[in-house]
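Under our numbering, think of the first position of the sequence shown as -1, with each following residue one higher.
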Amino acid sequence: MNVTDLHQFLASPAETARRKGPHDRIVMSSRVRLARNVKDVAFPGWAKKPERVRVLEMIQPAVAELPEMTDALAVSMDNLSALDKQILVERHLISREHAAKSAGSGLVLNRDESFCVMINEEDHLRMQALRPGLQLRQAWTAVDRLDSELEQKLQYAFNGDWGYLTACPTNIGTGVRVSAMLHLPGVVLAEQINPIIQSVNKLGLAVRGLYGECTEALGNVFQVSNQMTLGETESAIVERLEKVLAQIIEHEENARTTLLEKKSKLVYNHIGRAYGILANAHSISSKETMNLLSLMRLGVDLGVFPGVDRALVDELFIMTQPAHLQKHHSEKLSAEERDLLRADMMRERLKNVNRPVTRLPGSTDSGMDKTSKE
């Protein structure tokens, strides 16, 4: 199925925010990506436009015909507007690099957004399995099956000594990139994030920002992934990352508990100020909104916003980003206009959210109870 209007195809931000998974208080999503190339064809970065178009015309139908891609969106990048592409980036469905592509590059996205295949990004194929929460093993099993089915249709570039051949040496071998997106406000507030990043790096894993390589960790969101793909099996990479993520989750949970016990006023001050600004500001930037929503999300997890579902905050994470904000307005908006409209949206969506409470009904000897006695 070819869909020209991307917005009719994509799930709404509200639906996206309601997707649940294991440990999703901290692990927002899991992703396993495979890099593959077609044998005897130049890598996309070296190929001329006619060759890229030919490869797209060969690969896209093969991907779209897979059972997992029934009723999928199959589109060439030159048929998407700049706004469409940025929305896909903000949804973490395509890379910023792929958003810069035009004729000769394409995309196949299945209906529930659990599979997304980028064609002629850095490699001929970047297959991604996406899952909410901590589901690395499930994502790996799914993309491995997709890869095996596609290998029956396409002849991959493969070397007996080196494995799958890729445009970048760091992807050669298995071609697998296993990653999870983590919300870590506790370790950031406790000033433990830098030691954790250093420890993770020493284990051969990478820690990146919200949109991947060379981006900052807006909203206290970090991506953790393997760096090398050669000399280790896919299942070993998944297992190693799972162990590291379990430790990071434990660090984050412990940081939240310790902060509530020893620095509860600090925590409630951050959450209260975040709510105050978001619920009352008349102009606010995307960056500030992300960082303050992170603190509100922490507040929801800690129970200081009774009756508020985390899905509301996760929806606002998406809705307040520049391209999503622009999508609701036909005229082109300046950054200043977006800041005004973003603040209007926040005030409207939070008008029924009561100010945070630091003592919940029925609470006894807890960190929150202690703050009321200080």
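We put the beta carbon where it would ideally sit given N, CA and C, even for glycine.
Are there 16 or more other CB atoms within 10 angstroms of the CB of G274, so buried, or fewer, so exposed?
exposed
With a CB to CB cut of under 7 Å and the five nearest residues on each side skipped, what residues in its chain are close to D82?
L4
Delimiting residues of the alpha helix (DSSP H) encompassing M317
308 to 317
For I117, name the three-state secondary structure that DSSP assigns.
strand
Which of helix, strand or coil DSSP assigns to R254:
helix
When the Cα atoms are used, what is the spatial distance from Y162 to V73?
26 Å
Using the rule of at least 16 other Cβ atoms within 10 Å of the residue's Cβ for burial, across every protein chain shown, is H280 buried or exposed?
exposed
Pull up the distance between the alpha-carbon of E149 and that of R34, whole angstroms please.
10 Å
When A15, S283, D145 are compared against G173, the one with the closest alpha-carbon:
D145
Between the segment 277 to 294 and the segment 331 to 350, do at least 3 Cβ pairs fall closer than 8 Å?
yes
Contact the segment 312 to 321 vs the segment 257 to 269: 3+ CB pairs below 8 Å:
no
Determine contact between the segment 103 to 121 and the segment 343 to 359, defined as no fewer than three beta-carbon pairs at a distance below 8 Å.
no
Give the straight-line distance between the Cα atoms of I57 and Q126, rounded to the nearest whole angstrom.
15 Å
Which residue marks the beginning of the alpha helix (DSSP H) containing H5, and which one marks its end?
4 to 7
Straight-line gap, A188 to V53 (C-alpha atoms, nearest Å):
50 Å
Would you kindly work out how many angstroms separate the C-alpha atoms of N218 and K200, rounded to a whole number?
21 Å
Looking only at C-alpha atoms, which of V141, H90, D142 sits nearest to Q221?
H90
Please name the residue, chosen from R129, G229, E88, that lies closest to S28 on a Cα-to-Cα basis.
R129
The segment 307 to 318 in contact with the segment 286 to 293 per 3-pair CB rule at 8 Å:
yes
Report the start-end ranges of each beta strand (DSSP E) in the segment 164 to 193 that is 3 residues or longer and not cut off at the edges.
174 to 181
From this set, E240, N157, V185, which residue's C-alpha is nearest L228's C-alpha?
N157
Do G131 and K18 have their CB atoms nearer than 8 Å?
yes
Check this for me: beta carbons of V198 and V30, under 8 Å apart or not?
no
What separation, rounded to the nearest whole angstrom, lies between the Cα atoms of R135 and G301?
30 Å
Just list the residues that DSSP pairs A33 with in beta bridges.
R124
Inter-residue spacing [alpha-carbon to alpha-carbon] between K241 and Q324
40 Å
Helix, strand or coil at L132 [DSSP, three-state]:
coil
Judging by CA-CA distance, which residue of D307, V351, L339 is the nearest neighbour of A12?
D307
Quick check: the Cα distance between T381 and T139, rounded to an integer number of angstroms?
Nothing about residue 381 can be read from this structure; the chain reaches only from -1 to 372.
Any idea if N0 is buried or exposed, counting beta-carbon neighbours within 10 angstroms, 16 or more meaning buried?
With a pLDDT of 45 at N0, under the threshold of 50, the predicted position of this residue should be treated as unreliable, though the coordinate-derived value follows. Classification for N0: exposed.
Can you tell which of V236, G297, H181, N350 has its C-alpha closest to the C-alpha of E248?
H181
Helix, strand or coil for L358 per DSSP?
Per-residue confidence for L358 stands at a pLDDT of 43, beneath the threshold of 50, marking its modelled position as unreliable; no derived number is given.
Start and end residues, alpha helix (DSSP H) containing G274:
262 to 278
Counting along the chain, where does the beta strand (DSSP E) carrying L71 start and finish?
71 to 74
Consult DSSP for V39 and reduce its assignment to one of helix, strand or coil.
coil
Buried or exposed, going by whether 16 or more other CB atoms sit within 10 Å of the CB of G305?
exposed
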